[in-house]
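Take a look at the structure set out below.
Numbering (this note's numbering), first residue to last: 21 to 277.
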């Protein structure tokens, strides 16, 4: 769905950062306890807060047992524990770097890199959730990739542009302008440029200005999804999207153009 040569242009720093905070969870931002092994011997055991690790091991025989035990002993300020063999980490990174193909969708490549962590399940271990659900950047959308892809195919016209807008009070907190090709692959990603479009004011007025901006930038805006910040977070967290949308009412709106 994300074209291998997607154009990313005119991204406003604040809006792009807010968009990432809204839909992505980064392992780098988490409080984590990392244990590096060489043939079971602990060569590194460190908490990202810098404090001493409770019940720090010197040798690990079972990585899953060690990860669970360390989490339980340090969970008051730990989001997750990572225990890995150094050679396994080297093998994993080499595998997914070699597997990249310029012809495939970027999201397919990223999904495959995370899925391949299952091949190292006994040598790259995280707790309390599996490595493929913990490391790197994870979607915070409350839906599977297949469900997201299905929603795009049912709502988006090929060759059109989608505008996403999230408001915090009378200010556009973040936006995404997504242009799709004839195969419904995203070929361009942008945001509102505050130097070119006024992002302050009532929601309806801001959205109309944003749509005009997107039409001038990409053309053929066919769908607009806009919400308050609270509603956007609630919708993304919900597993039953239909019920969430009904519950949120006018605070979460989808309209065709």
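Note that CB positions come from ideal geometry on N, CA and C, so glycine has one too.
Which of the three DSSP states is assigned to residue i in this structure?
i, result
"residue 193", "strand"
"residue 168", "helix"
"residue 38", "helix"
"residue 27", "strand"
"residue 45", "strand"
"residue 269", "helix"
Measuring only the C-alpha atoms, how far is residue i from residue j?
i, j, result
"residue 23", "residue 252", "25 angstroms"
"residue 39", "residue 195", "7 angstroms"
"residue 129", "residue 242", "28 angstroms"
"residue 223", "residue 148", "40 angstroms"
"residue 33", "residue 197", "14 angstroms"
"residue 112", "residue 240", "42 angstroms"
"residue 166", "residue 72", "42 angstroms"
"residue 88", "residue 137", "18 angstroms"
Can you give me the Cβ contacts of residue i inside the same chain, cut-off strictly under 8 angstroms, excluding the 5 residues immediately before and after it?
i, result
"residue 110", "none"
"residue 220", "190, 191, 192 and 226"
"residue 173", "204"
"residue 247", "185, 186, 187, 255, 268, 271, 272 and 273"
"residue 170", "none"
"residue 30", "210, 211, 213 and 237"
Here's a check: name, in chain order, each residue in its chain whose Cβ is nearer than 6 angstroms to the Cβ of residue i, leaving out the five neighbours to either side.
i, result
"residue 316", "This structure does not reach residue 316, given that the chain is present from 21 up to 277, and the question cannot be answered."
"residue 1", "No answer is possible for residue 1: the residues shown for the chain start at 21 and end at 277."
With 7 angstroms as the threshold, decide whether the Cβ of residue i is near any Cβ in chain C.
i, result
"residue 276", "Of the protein chains in the structure, only one exists, and it is not chain C."
Can you find the residues in the same chain that come closer than 7 angstroms, C-beta to C-beta, to residue i, ignoring five residues on each side of it along the sequence?
i, result
"residue 156", "47 and 134"
"residue 97", "51 and 69"
"residue 139", "none"
Taking one C-beta from the segment 231-243 and one from the segment 251-265 each time, how about it: are there three or more such pairs within less than 8 angstroms?
No: fewer than three Cβ pairs fall under 8 angstroms.
Any chance you could list the beta strand (DSSP E) runs of at least 3 consecutive residues sitting entirely within the segment 84-126, in chain order?
100-105
Could you pull out every unbroken alpha helix (DSSP H) segment of at least 4 residues lying fully inside the segment 183-258, listed in chain order?
223-237 and 249-257
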